[in-house]
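Undergrad: Residue 170 is where the sequence shown starts when you use our numbering, and the numbers rise one by one after that.
Ideal Cβ positions, reconstructed from N, Cα and C, are used throughout, including at glycine.
Below: one structure in structure tokens.
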Amino acid sequence: MKYNRIITTVICAALVLTACSDNYLEYEPEGVLSNENVATAENAESLVIAAYAGIANDEMVGPLTHQWVYGSVRSDDAYKGGGGRGDVGEIDRYEQYNLTIADMGDFMAPRTWTDFYKAISRINFALSVINEIPEGEYPEKILRQAELRFLRAHSYFMLKLIFKKIPYITENLTQEEIEQTSNDVDNDALWNTIAEDFLFAYDNLPQSQDQVGRADRNAAAAYLAKLRLFQAYEQNDQHQVTNINTSRLEEVIEYVDEVTASLQPDFGENFLDGFDNGPESIWAAQFSIND
Numbered sequence: 170m171k172y173n174r175i176i177t178t179v180i181c182a183a184l185v186l187t188a189c190s191d192n193y194l195e196y197e198p199e200g201v202l203s204n205e206n207v208a209t210a211e212n213a214e215s216l217v218i219a220a221y222a223g224i225a226n227d228e229m230v231g232p233l234t235h236q237w238v239y240g241s242v243r244s245d246d247a248y249k250g251g252g253g254r255g256d257v258g259e260i261d262r263y264e265q266y267n268l269t270i271a272d273m274g275d276f277m278a279p280r281t282w283t284d285f286y287k288a289i290s291r292i293n294f295a296l297s298v299i300n301e302i303p304e305g306e307y308p309e310k311i312l313r314q315a316e317l318r319f320l321r322a323h324s325y326f327m328l329k330l331i332f333k334k335i336p337y338i339t340e341n342l343t344q345e346e347i348e349q350t351s352n353d354v355d356n357d358a359l360w361n362t363i364a365e366d367f368l369f370a371y372d373n374l375p376q377s378q379d380q381v382g383r384a385d386r387n388a389a390a391a392y393l394a395k396l397r398l399f400q401a402y403e404q405n406d407q408h409q410v411t412n413i414n415t416s417r418l419e420e421v422i423e424y425v426d427e428v429t430a431s432l433q434p435d436f437g438e439n440f441l442d443g444f445d446n447g448p449e450s451i452w453a454a455q456f457s458i459n460d
């Protein structure tokens, strides 16, 4: 019996020593992408599609594709509805303009903040991969970079409308630099930073694209007009308008004149199924089913 115990102990010790190799701690987790294992033109196309999906990946308690909660309800243009004031009570508080609450939890504004930065993370990862692929191997490189920078500008534009002061994260920052990025940025400077992405899209995208939902120059011009309009009304830290910048207003007119759009024959069709991407739709997030 004692002999058997000795043999068992020796075998176990040998197994432990064998397991303690240099490769034991070198574990690559599954389901995690790195630049090295996706840096091909084919994979880059998939990353761009994933970035488009990200800006439409919202939910009831963290909206991205509409401003019903932060715009219509808060402006008294819509009622919350539902089964009573306690049914998604966060929206009820927006309706009453009671924004300074301690128990907001993860609903509405905090979730929208998180979901937009998730989308931006997808965009930045796609850009970091595409930036390293030679244009000779990826003829659509500049086009896709322009689309991605449009999506990033769109995301930051929406975040700025809701929160005003936001950290602007790009694909070139390290994790340490991201953690140190402040949201305390001059209002006008932040508008200009967002505009830089839209301008890159404006300069490098075609006027229209064959695939519905892809960003184009027309959409970039419309967004630049909207951005410069907000920027023209210069504000201080108390959100008071201190000056109206007429040169910015002239830019608004210039960009608006470039936008191609028309009115839907029946206004009600804008809200009905079967009339998506109509003449009044300059650019819209796309959704699919059963896939």
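Going residue by residue through the segment 354 to 413, where are the continuous alpha helix (DSSP H) segments of at least 4 residues, counting only ones entirely within it?
TA: Qualifying alpha helix (DSSP H) stretches, in chain order: 356 to 373, 386 to 401.
Undergrad: Exposed or buried, which one is Val381 when buried takes at least 16 other CB atoms within 10 Å?
TA: Exposed, because fewer than 16 other Cβ atoms sit within 10 Å of the Cβ of Val381.
Undergrad: Could you pull out every residue in the same chain whose Cβ sits closer than 6 Å to the Cβ of Ala388, ignoring the five residues on either side in sequence?
TA: Excluding positions up to five away in sequence, the list reads Ile451, Trp452.
Undergrad: Drop a sphere of 10 angstroms on the beta-carbon of Glu211, count the other beta-carbons inside from all chains shown, and report buried for 16 or more, exposed for fewer.
TA: Exposed.
Undergrad: Arg243 lies in the alpha helix (DSSP H); which residues open and close that run?
TA: Counting along the chain, Arg243 falls outside any alpha helix (DSSP H), and DSSP gives it neither H nor E.
Undergrad: One question on the structure: do Ala384 and Ala370 come within less than 8 Å of each other, judged by their Cβ atoms?
TA: Closer than 8 Å, so yes.
Undergrad: At the level of alpha carbons, what is the spacing between Ala247 and Tyr266?
TA: Near 13 Å, if we compare the C-alpha coordinates of Tyr266 and Ala247.
Undergrad: Glu438 by DSSP, collapsed to three states: which one?
TA: DSSP places Glu438 in helix when its eight states are reduced to three.
Undergrad: Spell out the partners DSSP gives Glu228 in its beta bridges.
TA: Glu228 is bridged to Gly231.
Undergrad: Secondary structure at Pro279, three-state DSSP: helix, strand or coil?
TA: Helix, per DSSP.
Undergrad: Cα separation between Leu186 and Leu330?
TA: Low confidence applies here, because Leu186 scores a pLDDT of 49, under 50, leaving its location unreliable; read the following figure in that light. About 59 Å.
Undergrad: According to DSSP, is Glu427 helix, strand or coil?
TA: The answer is coil: DSSP assigns Glu427 none of H, G, I, E or B.
Undergrad: Could you have a look at Gln349 and say whether DSSP puts it in helix, strand or coil?
TA: Gln349: helix per DSSP, three-state reduction.
Undergrad: When we look at the beta-carbon of Asn459 and count the other beta-carbons within 10 Å, is it buried (16 or more) or exposed?
TA: It is exposed - the Cβ of Asn459 has fewer than 16 other Cβ atoms within 10 Å.
Undergrad: What does the Cβ neighbour count give for Thr209, buried or exposed, with the cut at 16 atoms within 10 Å?
TA: Exposed, by the Cβ-count rule.
Undergrad: Since Arg313 contacts Val217 with CB under 8 Å, what's their CB separation in whole angstroms?
TA: That belief holds up - the Cβ atoms of Arg313 and Val217 are roughly 5 Å apart, short of 8 Å.
Undergrad: Let me know if Gly496 comes out buried or exposed under the rule of 16 or more other beta-carbons within 10 Å of its beta-carbon.
TA: Any answer about residue 496 is impossible in this case: the structure gives the chain only from 170 up to 460.
Undergrad: I'd like to know whether the C-beta atoms of Arg280 and Val230 end up nearer to each other than 8 Å.
TA: Against a cut-off of 8 Å, the Cβ pair of Val230 and Arg280 comes out as a contact.
Undergrad: Assign His323 to buried or exposed, taking buried as 16 or more other Cβ atoms, counted over all protein chains shown, within 10 Å of its Cβ.
TA: When all chains shown are included, His323 counts as buried.
Undergrad: Does DSSP put Lys287 in a helix, in a strand, or in coil?
TA: Three-state DSSP puts Lys287 in a helix.
Undergrad: I need the straight-line Cα distance from Asn300 to Lys249, nearest angstrom please.
TA: Straight-line Cα distance between these residues: approximately 44 Å.
Undergrad: Going by beta-carbon coordinates alone, are Ile335 and Asn356 separated by less than 8 Å?
TA: No, the Cβ-Cβ distance between Ile335 and Asn356 is not below 8 Å.
Undergrad: Should Leu296 be labelled buried (16 or more other beta-carbon atoms within 10 Å of its own) or exposed?
TA: Looking at its Cβ environment, which holds 16 or more other Cβ atoms inside 10 Å, Leu296 is buried.
Undergrad: Have a look at Ser215, Ser457, Tyr392, Ile260 and flag the residue whose alpha-carbon is nearest the alpha-carbon of Tyr325.
TA: Comparing Cα positions, the closest option is Tyr392.
Undergrad: Less than 8 Å between the C-beta atoms of Asp414 and Glu423, yes or no?
TA: Sequence inspection shows Asn at residue 414; the Asp mentioned does not correspond to that position. Their beta carbons are not under 8 Å apart, which means Asn414 does not touch Glu423 by this criterion.
Undergrad: Given Asn446, which residues of its chain have a CB within under 7 Å of its CB, disregarding the five upstream and five downstream residues?
TA: Within the same chain, Asn446 has close Cβ partners Val381, Ala453.
Undergrad: Which full runs of the alpha helix (DSSP H) of 4+ residues lie inside the segment 300 to 334, going along the chain?
TA: List check, alpha helix (DSSP H) in window: 310 to 332.
Undergrad: Does DSSP put Leu216 in a helix, a strand or coil?
TA: Looking at Leu216 - three-state DSSP - the assignment turns out to be helix.
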